[in-house]
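According to the numbering used here, the stretch in the sequence shown is residues -6 to 819, in order. All C-beta atoms, glycine included, are put in the ideal place defined by N, C-alpha and C. None of the values given here were measured: they were computed from a predicted structure. Read through the structure below, which is laid out as structure tokens, and then see the notes.
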Amino acid sequence: MKSNPQVLIIGAGIVGSSTAYHLAELGISDVLVVEQGPLFATGGSSSHAPGLVFQTNASQMLSQLAAYTVQFLSGLEHEGRPCYYRVGGIEVATTQQRWDDLKRKHGLAASWGIDGELITPEQVHELFPQVEPSRIHGGWYVPSDGIAKPVRAAAAMAARARQRGVRYLERTEVTGFGLRGGRVQKVCTSRGDFTVDAVICCAGIWGPEIGRMAGVSVPVQPLAHQYAVTTPVPGLTAGPDEVQQPILRHQDCSMYFRQAGDRFGIGSYQHRVIPVSSEELAPTAAPGDGAEAPPEGGGWAGMASVHPFTPEDFAQPWKDACQLIPAVQQTEIAEGMNGVFLFTPDGMPVLGPTTEVPNFWLAEAVWLTHGPGVGKAVSEWFAHGVPSIDLRAADVRRLDRFAHSPSYVAQRSAQSFREVYDIIHPQQPPEQPRPLRTSPFYPRQQELGAVFLEANGWERPHWYECNTGLLDDRDIPEPDPWAGRYWSPVVAGEHRATRERVAMYDMTSLTRAEVSGPGALKLLQRLTTNQLDRAPGYVTYTLMLDHNGGIRSDITVARLREDLFQVGCNGPRDIAWLRQHADDSVHIRDITGGTCCIGLWGPRARDVLQELADQDVSNESFRFFRAKQLHVGEVPVTALRLSYVGELGWELYTSADFGLRLWDLLSDAGKEHGIFPGGRAAFNGLRLEKGYRAWGTDMWTEHDPHEAGLSFAVRVAKGDFIGREALLRRQERPLRRKLCCLTIDDGTVLLGSEAVFAEESSNRAVGFTTSCGYGHSVGKSLAYAWLPADLSSPGSSAFVSYFGRRHPATVVEDPVFDPGMARMRS
């Protein structure tokens, strides 16, 4: 055996085997897969997974990954046996709230291209005869959902990968790493050492320990989940390897059911959170007979990922199962387990190159549902630098350092476990640990009755109860109970008053980097689309593209000196991207935590700032999209004249120690001008009226600047930059789709991700919404949506599905408010 592979993959479960197979398909076959257990019932979570594959998810990314899993496994066999049973999947509703949520899921599925239908209790009973139809309101049925056989699938993929040159070593334990220059150079194992170019860790529950050996933090928490198999169910006849009935989820009780031959397998998330420490996972054990978990006849014994079943935790789930499926009352629990798998602070996988060791990649916290899809996407990312599915929500570098702390990971992962089957509102904030990150203005915000939501650990005011006085006799459309879950009429008052007076918005949570050094300009020019070679004092909105010309991020760059830039980013991923491409001539510093920012915006903003500033801030002296370093009273401030709400004003940055003083100075000076604090809800409505895109919500790497309406931020004539050639090639093709502004003609306020149809009676969605809200300045419900090019002209009609109802919409010119930008330039 050749001893030194190009790529070494750790773990031969469903994720590791998929990654190896797809790398070989892309031409990277010098791959070695090492597995500490036997092949392919390795003893990890793939070996005991009950195999359910449900595709519908609020996350487009997770739905896309699951859809690929279905597509790929449906055509895969091993030794003449299928790796996937396309029996369909049903989610049932036993409450009106859940039934309404299933209507919402129907819309989500249509947005992501998943075929399914809402069915009656009687139709559920026809598909799953043991269900008591009188107990349910109905169900959500996806015919292509089903049962995957993970061990069998891993073996089938490995067989194909081996034909392309991939090698496997079983019962081979990774014992350490040799690093040089911050990169893995050598992998030490119980069978010798291997010199490698890169490592991809697909070790599942052992991933944290593998990461520690390499100096890499893997922010995951192993938790136990209960699964039991009944004795034979009367009337249920099938062989031990046969699955005929759909899988069933009873989410009101956090349970699922699957046929296991003539029995039912029942899983529950209803029980207490059961964390498992890394020490409890060692030493590694594996099933002696190599068999897959039931319904293939056992095989759990000896698996490190299988802990003893705790009957007391299953008592209530068993009662709930008997109520929904009366036939279960005639059975007993034949066997059960507490199976261990990984959770993360935000419920998403952790994928990609790590910040600490760039050639040490992760593919961790991946459920079976997404395993083959993750293997494909990570392989594309590794081979070509860009995956075909946008993985922004799963990139391990999305998480700040605090999100790697054991305390944070444990608390948030526990919440992720409890919420697996909950109805989660898109704006629902996590409960603990809070408050975690606060701006210097936080004491004042509390005094003013701020209602806080949370983002990336930051407490962000959504609105202020002190602003009830901003309400007047103008009509305020009230959203429905779902869209209005985190809403108050005060939002409308803050929105309108920002257009009429002056407001202070806390913008501290926006990620910021300082880029300095003799190579700073060269680096930023190479990574961005707009022309940054301008004199100090200029601010530029620009994009960072990936190598395919997709929008990796949008940033704001202020040139403060010849070799000093302040860069407004979308998160730690952007800073990691900057550092990835920097050399020794550039220094990049994350300044977010040490600084703070107030957005001082509104037609009276200059009146407030001029009273305090030690420099002239008139339009002639301080032009739009310019930067100055000045004093506001005693406070040293970096002032950028720009506005995300479409009004005259500045972003005022200072160090955190001066933050409270800056707030008080502006607040006192602004009293005679009607100054007030504004929240994020009003901020969102104001930006929608101005057509300002939010990266990650309105556009991402699957979109290019021209589709997203951001061509103005691209200067191809400036010279080479990442994505330039790909973008030019994309421009040669006719525009297929476009990000459009819609008015919802009946005034319904949406939340985003709703399916858009060309005709009211159509069953095939043509697009989906992104940012949504109410434009109180224009008196219209607004939504941005991705639509086909032939439906993107102003005046075109469309219909948006919201909780099962179709709402008429019209494409309108973008933006709907002050298209000439006269207010900001005044």
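(message) Given a cut-off of 8 Å on the beta-carbon distance, is the pair His71 and Lys369 in contact?
(response) Position 78 of the sequence shown holds residue 71. Position 376 of the sequence shown holds residue 369. No, the pair does not count as a contact, with Cβ atoms beyond the cut-off.
(request) Could you spell out where the alpha helix (DSSP H) holding Met341 opens and where it closes? (result) The sequence position of residue 341 within the sequence shown is 348, counting from 1. Unbroken run through Met341: none, as it is neither H nor E.
(request) For the beta strand (DSSP E) containing Met296, list its first residue and its last residue. (result) Indexing the sequence shown from 1 puts residue 296 at position 303. Where Met296 is concerned, there is no enclosing beta strand (DSSP E), given that its DSSP letter is neither H nor E.
(message) Please determine whether the Cβ atom of Thr736 lies at a distance below 7 Å from any heavy atom of the ligand GTP.
(response) This structure lacks the ligand GTP; in fact it carries no ligand of any kind.
(message) Taking its Cβ as the centre, do 16 or more other Cβ atoms sit within 10 Å of Asn541, making it buried, or is it exposed?
(response) Here residue 541 is taken as the residue at index 548 of the sequence shown, counted from 1. Answer is buried; the Cβ neighbour count reaches 16.
(request) Could you work out which residue in Val350, Tyr795, Gly639 is closest to Arg390 when comparing CA atoms only? (result) In the sequence shown, counting from the first residue as 1, residue 390 sits at position 397. Considering only alpha carbons, the answer is Val350.
(message) Can you tell me whether Thr35 is buried or exposed? The criterion is at least 16 other CB atoms within 10 Å of its CB, across all chains shown.
(response) For the purposes of this step, residue 35 is taken as the residue at position 42 of the sequence shown. In this structure Thr35 is buried. Its beta-carbon is surrounded by 16 or more other beta-carbon atoms within 10 angstroms.
(message) Does the stretch 560 to 569 come into contact with the stretch 743 to 757, if we say contact requires no fewer than three beta-carbon pairs (one atom in each stretch) closer than 8 Å?
(response) no
(message) At 4 residues or longer, what runs of the alpha helix (DSSP H) sit wholly inside the stretch 156 to 223?
(response) 200 to 207
(message) Could you check whether Thr12 and Ala356 sit closer than 8 Å to each other, using their CB atoms as the reference points?
(response) Position 363 of the sequence shown, counted from the first residue, corresponds to residue 356. Position 19 of the sequence shown, counted from the first residue, corresponds to residue 12. Yes, the Cβ-Cβ distance between Ala356 and Thr12 is below 8 Å.
(request) Tell me whether Ala824 sits in a helix, a strand or coil according to DSSP, three-state version. (result) What is shown of the chain runs -6 to 819, which leaves residue 824 out entirely.
(request) State yes or no: is the C-beta of Phe334 within less than 8 Å of the C-beta of Ser406? (result) Indexing the sequence shown from 1 puts residue 334 at position 341. Indexing the sequence shown from 1 puts residue 406 at position 413. Not closer than 8 Å, so no.
(request) Tell me whether Ser372 is buried or exposed, calling it buried when 16 or more other Cβ atoms sit within 10 Å of its Cβ. (result) Counted from its first residue, the sequence shown places residue 372 at position 379. Classification for Ser372: buried.
(request) May I have the straight-line CA-CA distance separating Ile591 from Asp499, to the nearest angstrom? (result) Sequence index remark: in the sequence shown, residue 591 carries index 598 (1-based). Sequence index remark: in the sequence shown, residue 499 carries index 506 (1-based). Approximately 5 Å, taken between the alpha carbons.
(request) Determine, using beta-carbon pairs with one atom in the stretch 644 to 660 and one in the stretch 621 to 630, whether at least three such pairs fall under 8 Å. (result) yes
(message) Beta-carbon within less than 7 Å of Tyr262's beta-carbon, same chain only, minus the 5 sequence neighbours each way: which residues are those?
(response) The count along the sequence shown starts at 1 and reaches residue 262 at position 269. Correct list, in chain order: His218, Ser247, Phe410, Val413, Tyr414.
(request) Between the Cα of Pro433 and those of Ala649, Pro419, Thr165, spot the shortest distance and give me the residue it belongs to. (result) Locating residue 433 in the sequence shown gives position 440, counting from the first residue. Closest by alpha carbon: Ala649.
(request) Could you pull out every unbroken beta strand (DSSP E) segment of at least 3 residues lying fully inside the stretch 689 to 765, listed in chain order? (result) Counting only runs of 3 or more, we get 730 to 737, 748 to 750.
(request) Could you tell me the distance, in whole angstroms, from the CA atom of Gly174 to the CA atom of Gln439? (result) Start at 1 with the first residue of the sequence shown, and residue 174 comes out as number 181. Start at 1 with the first residue of the sequence shown, and residue 439 comes out as number 446. So the alpha carbons of these two residues sit roughly 47 Å apart.
(message) For a cutoff of 8 Å on Cβ pairs, would you count Gly132 as touching chain D?
(response) Reference to chain D is not applicable here, since this structure consists of a single protein chain.
(message) I'd like the list of long-range same chain contacts for Ser481, defined as Cβ closer than 6 Å, with 5 residues on each side in sequence excluded.
(response) By one-based count along the sequence shown, residue 481 stands at place 488. Closer than 6 Å at the Cβ level, and outside the excluded window around Ser481, lie Trp456.
(request) Measure the CB-CB distance between Ile417 and Cys195 and report whether it falls below 8 Å. (result) As a working mapping, residue 417 is identified with position 424 in the sequence shown. As a working mapping, residue 195 is identified with position 202 in the sequence shown. Against a cut-off of 8 Å, the Cβ pair of Cys195 and Ile417 comes out as no contact.
(request) Would you mind sorting Asn612 into buried or exposed? The rule is 16 or more other CB atoms within 10 Å of its CB. (result) Taking the first residue of the sequence shown as 1, we reach residue 612 at position 619. Label assigned to Asn612: exposed.
(request) With Tyr435 as the anchor, note down where its alpha helix (DSSP H) starts and where it stops. (result) Within the sequence shown, numbered from 1, the residue matching residue 435 stands at position 442. That run of the alpha helix (DSSP H) goes 435 to 440.
(request) Taking only the alpha-carbon atoms, compute the straight-line gap between Gly766 and Gly543 and give it to the nearest angstrom. (result) If you number the sequence shown from 1, residue 766 lands on position 773. If you number the sequence shown from 1, residue 543 lands on position 550. Rounded to whole angstroms, Gly766 to Gly543 spans 26 Å at the Cα level.
(message) For the structure I just gave you, are there three or more beta carbon pairs, one from the stretch 517 to 533 and one from the stretch 461 to 477, closer than 8 Å?
(response) no
(message) Using only CA atoms, which one of Tyr435, Thr362, Lys179 lies nearest to Thr168?
(response) For the purposes of this step, residue 168 is taken as the residue at position 175 of the sequence shown. Measuring from the Cα of Thr168, the nearest candidate turns out to be Lys179.
(request) Go through its chain and collect everything with a Cβ distance to Glu285's Cβ below 8 Å, but skip five positions before and after it. (result) Residue 285 sits at position 292 when you count from the first residue of the sequence shown. Only weak support exists for where Glu285 lies, its pLDDT of 39 falling under 50; the value from the coordinates is given anyway. The residues are Ala34, Ser40, Lys142, Pro143, Val144, Arg145, Gly292.
(request) Inspect the CB distances between the stretch 91 to 102 and the stretch 151 to 171 and report whether three or more fall short of 8 Å. (result) no
(request) Return the bridge partner residues of Glu84 from the DSSP annotation. (result) As a first step, residue 84 is located in the sequence shown; it is residue number 91 there, counting from the start. According to DSSP, Glu84 bridges with Trp133, Arg242.
(message) So, does the stretch 113 to 128 touch the stretch 310 to 324, judging by three or more C-beta pairs under 8 Å?
(response) With the cut-off at 8 Å, the stretch 113 to 128 and the stretch 310 to 324 touch.
(request) Please confirm whether Gly671 and Met497 have their CB atoms less than 8 Å apart. (result) For the purposes of this step, residue 671 is identified with residue 678 of the sequence shown, where counting begins at 1. For the purposes of this step, residue 497 is identified with residue 504 of the sequence shown, where counting begins at 1. For Gly671 and Met497, yes; Cβs fall inside 8 Å.
(message) Using only CA atoms, which one of Arg597, Gly586, Ile193, Ala701 lies nearest to Glu665?
(response) As a first step, residue 665 must be located in the sequence shown, where it is residue number 672. When only C-alpha atoms are compared, the closest one is Arg597.
(message) Let me check one thing: in DSSP terms, what residues is Thr549 bridge-paired to?
(response) By one-based count along the sequence shown, residue 549 stands at place 556. DSSP, once it has assigned bridges, lists Tyr534, Gly561 as partnering Thr549.
(message) For Gly442 and Ala448, I'd like the C-alpha separation in whole angstroms.
(response) Within the sequence shown, residue 442 is the residue found at index 449, counting from 1. Within the sequence shown, residue 448 is the residue found at index 455, counting from 1. Cα to Cα, the separation comes out at about 19 Å.
(message) Please give the ranges of any alpha helix (DSSP H) in the stretch 324 to 407, keeping only runs that are unbroken, at least 4 residues long and fully inside the region.
(response) 364 to 377
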